[in-house]
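S.K.: Take 1 as the starting number for the sequence shown in the UniProt record's numbering and just add one per residue.
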Amino acid sequence: MTYRLGVDVGGTFTDLLLFDEASGAFWRHKTPSTPHDSSEGILTGVKAIMAQAGITAEEIAYFLHGTTVATNAVLEGKGAKVGLVTTQGYRDIMQIARSFVPGGLAAWIVWPKPQPLARLEHTVEVPGRMDAAGREVAPLDENAVRAALRKLKGERVEALTVSLMNAYLNGAHEARIGAIAAEELPGIPVSLSHEVLPEMQEYERTLSTVANAAVRPVVSKYVSNLRDRLATEGFKGRLSLLRSDGGLMSSQKAEEHPVNILMSGPAGGVTGALWVAKNAGFENILTLDVGGTSTDVALIQGLEPRRQRTTEVGHLSVRASALDVKTVGAGGGSIAHVPQLTGALRVGPESAGAVPGPVAYNKGGTLPTVTDANVVLGYLPEDLLGGSFKLDREGAKAAVQTIADALGVTLMEAARGIIDIVNENMFGALRMISVQQGYDPREFALMGFGGAGPLHVNAVARLMGSWPAISPVSPGVLCALGDATTRMRTETARSFSRLAKDTSIADLVAVLDDMAAQTRSELLADGIPEEQITSLFEIDVRYAGQAFEVPLTITQDILEQDGIEGILARFDEEHLRLFTFNMDTPHEIVNLRAVAQGQAPALPAATLPKGDGDPAAAKIRDHTVWIDGSERPAVIYDRAKLKQGDVIEGPAIITEMDSTTLVEHDCRATVDAVGNILINLKTKG
1 MTYRLGVDVG GTFTDLLLFD EASGAFWRHK TPSTPHDSSE GILTGVKAIM AQAGITAEEI
61 AYFLHGTTVA TNAVLEGKGA KVGLVTTQGY RDIMQIARSF VPGGLAAWIV WPKPQPLARL
121 EHTVEVPGRM DAAGREVAPL DENAVRAALR KLKGERVEAL TVSLMNAYLN GAHEARIGAI
181 AAEELPGIPV SLSHEVLPEM QEYERTLSTV ANAAVRPVVS KYVSNLRDRL ATEGFKGRLS
241 LLRSDGGLMS SQKAEEHPVN ILMSGPAGGV TGALWVAKNA GFENILTLDV GGTSTDVALI
301 QGLEPRRQRT TEVGHLSVRA SALDVKTVGA GGGSIAHVPQ LTGALRVGPE SAGAVPGPVA
361 YNKGGTLPTV TDANVVLGYL PEDLLGGSFK LDREGAKAAV QTIADALGVT LMEAARGIID
421 IVNENMFGAL RMISVQQGYD PREFALMGFG GAGPLHVNAV ARLMGSWPAI SPVSPGVLCA
481 LGDATTRMRT ETARSFSRLA KDTSIADLVA VLDDMAAQTR SELLADGIPE EQITSLFEID
541 VRYAGQAFEV PLTITQDILE QDGIEGILAR FDEEHLRLFT FNMDTPHEIV NLRAVAQGQA
601 PALPAATLPK GDGDPAAAKI RDHTVWIDGS ERPAVIYDRA KLKQGDVIEG PAIITEMDST
661 TLVEHDCRAT VDAVGNILIN LKTKG
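Structure follows, in structure tokens:
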């Protein structure tokens, strides 16, 4: 038997999900994360889940891993000291940064400009120049290169970036500098811009390559450490990491191009939701991933998640494909407070985190949080995990009472007010990726996961008009499930920059074929069989004169069938959806990308035994919740005992190992064939 192990490392918990490829059976485990060395927590979890399944490390064929190690290196300023080599006259490229200033009028007065990842004192210039057609105008001065690299060696740089003018058209000078750097700076990782991002726009190309260099030593140390630890346990399978765009890349590629895993963490939830949607028969899904500190939301249409061409981490915005995930500071640990200035209730973005955590967790927390409000209202029962974990409801009441006193309302009204506000914050994030992108949320189902997602998904679905509200199987470890069920992916890019009317389909296909061959060879080198590799293309189009492009995904068949006119018609349609207007201006084809994908694993979802529709066998006890202005009788159910076809009338609470699902009073939940809980308004039938 072969097993796939998905591992997702979060700030508080490391989630593991072990999948038997043959039967569809799975095992799940949560273990505390170890921020000082994530591999420690991972190994603890791996040993526990192997013992649970009764297998050895040799039986695990694939270790599939979503990680925030690169993200945290950027956010915490713990990236490597980067040396930057630029073309003569371009030493200030990172400091000028296109004169970007966030915010409105006078923001430049109050905005503290962040320190670039490559400091000015670690930036050197070298003579030599390519023109805009990729022809050599001035030869590379190798003596000057050696002198510049020796200066950086004296500065003790830990990583090197080489980004020269027009290198995206001809990388010969960059490659030569890389070869010289191997002699002058042995052991220092070198990132070349024409390899990391072969696209026009010198600042974006330089920034992305510098970001790659900054996190490269950190990621390399982490990956090699993890690989060694797994080897000592007897693991001989393939170690892959989740890319920001939801595909997998080999651990070796992740060490060379870590800029592609900056959003690896949130991508796991989206790929997990995609697998659940396929098995549940839904094509359009909005995702609601609620953790302790933040909520991530994304949109999946026609079983394709929306992607974007930029990855944003903190103030950093790099040119690398990523799933379009929006994050807000609203989670189970978000702190409620009433500012004296306004006297109005606010929730978040500050969080109680894992330590001290919500008051109800009995870990020393004193400030009221969203979790405490859920406990007070009865949505989170006091005895979780079969009574092995006891929540402090009285402590939670005392904390929320401070909010009630400040507002002059009852305890229950204050608690519900906290929940209403955090739900509105989640609603706002979901509007950003649906309504504001031209999508009608009523055409989508809403899937809630993460530790707290199923508690809020019913209420947020009501705000969105997105039905059914879905609580998937194992919602608390869905990111790990996503890691285990996605496929290998790689891409390459080139700038094209021609007016569509001056471009023939043959010109386009010739370039794309060359790029497709390059990406396919990369997957072949990673051990993916030729017959399992598929190619698709992305073409960035704009109206001539615009400063931004609209990316379009297309297959070679459609390209040859519809021609250039078909691409332009699709662009006009997408532009109209995004901006509500089109222009008569000529179209320009700006960038081309080729994507190669391995085969998605055909992992079955285990089918539940059929029931008679009555969930009585899963009932734990009667309960009371405060909902819609009054206390109402409710029932608590054990999700593990529910059967296919069971119908649960709200208000009800469904508990399991890693999450709790709330069904509101005017809603009804149905358990589908593979165990997902589908919640609809009673009036919808």
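For glycine and all other residues, C-beta sits at the position ideal for the given N, C-alpha and C.
#1: Going by alpha carbons, who is nearest to Leu512 out of Arg319, Leu559, Gly154?
#2: Where Ile139 and Pro198 are concerned, what is the direct C-alpha to C-alpha distance, given to the nearest angstrom?
#3: For the beta strand (DSSP E) containing Gly269, name the first residue and the last one.
#4: With C-beta atoms as the reference, is Leu681 less than 8 Å away from Asp672?
#5: Provide the residue span of the beta strand (DSSP E) that contains Leu64, from first to last.
#6: Starting from the C-beta of Thr34, find all residues in its chain whose C-beta is less than 6 Å away, skip the five residues before and the five after it, and write them out in chain order.
#7: Indicate the three-state DSSP secondary structure (helix, strand or coil) for residue 693 in the structure shown.
#8: Alpha carbon to alpha carbon, what distance is there between Asp572 and Glu549?
#9: Can you tell me whether Leu18 is buried or exposed? The criterion is at least 16 other CB atoms within 10 Å of its CB, across all chains shown.
#10: Tell me, which residues are paired with Asn591 by DSSP?
#11: Under the rule that 16 or more other beta-carbon atoms within 10 Å means buried, what is Ser519, buried or exposed?
#12: Take Met412 as the anchor and find which of Gly10, Arg156, Ala399 has the nearest alpha-carbon.
#13: Taking only three categories from DSSP, how would you classify Glu631?
#14: Figure out for me which residue from Ala51, Glu183, Gly331 has the closest Cα to the Cα of Gly292.
#15: Any chance the stretch 242-253 sits against the stretch 284-302, with 3 or more Cβ pairs inside 8 Å?
#16: Taking the alpha-carbon positions, what's the Gly650 to Asp612 distance?
#17: Using 10 angstroms around the beta-carbon of Gln532, count the other beta-carbons present and answer buried if the total reaches 16, otherwise exposed.
#18: Among Val370, Glu255, Leu446, whose alpha-carbon lies nearest the alpha-carbon of Gly329?
#19: Taking only the alpha-carbon atoms, compute the straight-line gap between Ser495 and Arg156 and give it to the nearest angstrom.
#20: Since Trp467 sits in a beta bridge, which residues does DSSP pair it with?
#21: When the distance is taken between beta carbons, is Val162 closer than 8 Å to Ser193?
#22: Taking its Cβ as the centre, do 16 or more other Cβ atoms sit within 10 Å of Thr486, making it buried, or is it exposed?
#23: Report the rounded CA-to-CA distance for Pro475 versus Gly428, giving the unit in angstroms.
#24: For Gly268, which residues of its own chain have a beta-carbon under 6 Å away from its beta-carbon, when the five flanking residues on both sides are left out?
#25: Three-state secondary structure (DSSP) at Thr485?
#26: Is Ser504 buried or exposed, if buried means 16 or more other CB atoms sit within 10 Å of its CB?
#27: Hey, Val124 and Lys151 are a contact pair by Cβ (cut 8 Å); roughly how many whole angstroms apart?
#28: From Arg98 to Gly314, what does the alpha carbon distance come to, in whole angstroms?
#29: Using only CA atoms, which one of Asn374, Gln556, Gln436, Leu407 lies nearest to residue 720?
#30: Report all residues from its chain with a CB closer than 7 Å to the CB of Gly465; omit the five preceding and five following residues, and keep chain order.
#31: Output needed for Asp392: all residues of its chain with C-beta closer than 6 Å, excluding positions within five of it in sequence on either side, in chain order.
#32: Taking all protein chains shown into account, decide if Asp658 is buried (16 or more other Cβ within 10 angstroms of its Cβ) or exposed.
#33: What are the boundary residues of the beta strand (DSSP E) that includes Pro217?
#34: Mind checking Ala544: buried by the 16 CB within 10 Å criterion, or exposed?
M.R.: On the basis of the supplied data:
#1: Leu559
#2: According to the sequence as given, residue 139 is Pro; it is not Ile. If you take the alpha carbons of Pro139 and Pro198, they lie about 21 Å apart.
#3: Taken as a continuous stretch (DSSP letters only), Gly269 belongs to no beta strand (DSSP E), being part of the alpha helix (DSSP H) at 264-280.
#4: no
#5: 60-66
#6: Glu40, Gly41
#7: A question about residue 693 goes unanswered here, because the residues of the chain that appear run from 1 up to 685.
#8: 12 Å
#9: buried
#10: Ser495, Asp540
#11: The sequence shown places Thr at residue 519, rather than the Ser named in the question. Thr519 comes out buried.
#12: Ala399
#13: strand
#14: Gly331
#15: no
#16: 18 Å
#17: exposed
#18: Val370
#19: 34 Å
#20: The partner list for Trp467 (beta bridge, DSSP) is empty, contrary to what the question assumes.
#21: It is a contact, given that the beta carbons lie within the stated cut-off.
#22: It counts as buried.
#23: 22 Å
#24: Asp8, Gly66, Leu242, Cys479, Gly482, Asp483
#25: In the structure shown, Thr485 sits in a helix (DSSP, three-state: H, G or I).
#26: So Ser504 ends up on the exposed side.
#27: 6 Å
#28: 18 Å
#29: Past the edges of the chain, shown from 1 to 685, lies residue 720, and the structure says nothing about it.
#30: The answer, listed in chain order, is Pro441, Arg442.
#31: Ala360, Asn362
#32: Answer is buried; the Cβ neighbour count reaches 16.
#33: Looking at the DSSP string, Pro217 is not in any beta strand (DSSP E); the run it does join, the alpha helix (DSSP H), is 202-232.
#34: exposed
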